[in-house]
Amino acid sequence: MKTLLGILIALMVIGSQVWAGDTHQDGDGGHRIVYVITDASGNPVSGQTIRLSIHRASDDATFDFADSLFQFSGWTTRYATMAYNPLQEVYQYTFSVDVAHPGFVSGDYVAVVSNEGAGYEDLQAEVFSIG
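Numbering of the sequence shown is given in the working numbering, commencing with residue 4 and proceeding in unit increments.
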């Protein structure tokens, strides 16, 4: 029984180290968000308007793409539009995650991708860390 309890505690400690998403070290460049839409036959769908927002996990502030700062209100550009890459058949957006960038500091962030296009409504999130 003690052995089983020890294994469970070890798994809990190890499990708490696991984090979905990506981790970036200071100065490693950019982070690329990729989003794929397929129809019922599995074929890629283009022509959709895909919006991206980025939120700081520590306080839920939202990134303003116009001034590259996290804010709680008064955004100029709260959403970025993801571009369609016809060669890879994905929507994508790349942004700097260097802590020298004025908006990003060491910590966790949530990228939210939304599609409100008819027939393909969707909302996805990705967690990434800087530090």
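Every residue gets a Cβ at the ideal spot worked out from N, C-alpha and C, and that includes glycine.
Inter-residue Cα distance where the pair is residue i and residue j
i	j	result
A83	H58	13 angstroms
Q74	Y87	28 angstroms
S71	L126	23 angstroms
Y123	L90	21 angstroms
D42	Q95	18 angstroms
D25	W78	Low confidence applies here, because D25 scores a pLDDT of 43, under 50, leaving its location unreliable; read the following figure in that light. Using only the alpha carbons, I get a separation of about 26 angstroms.
S109	S44	42 angstroms
A128	V113	7 angstroms
I133	A60	11 angstroms
Best match in the options for proximity to residue i [C-alpha to C-alpha]
i	options	result
V115	L55, L72, F75, D70	L55
F68	V113, F98, A60	F98
T80	A60, N46, F66	F66
D111	V93, E92, D63	D63
V39	S76, M85, G33, A60	M85
V37	I133, S76, V93	V93
For residue i, the first and last residue of its enclosing beta strand (DSSP E)
i	result
F75	F75 -> no beta strand (DSSP E), and no H or E assigned at all.
N118	110 to 118
S99	93 to 99
E129	125 to 133
F66	65 to 67
V37	33 to 38
Y87	83 to 88
Cβ contact (3+ pairs, closer than 8 angstroms) linking the segment 117 to 132 and the segment 42 to 54: Because the criterion of three Cβ pairs below 8 angstroms is met, the segment 117 to 132 and the segment 42 to 54 touch.
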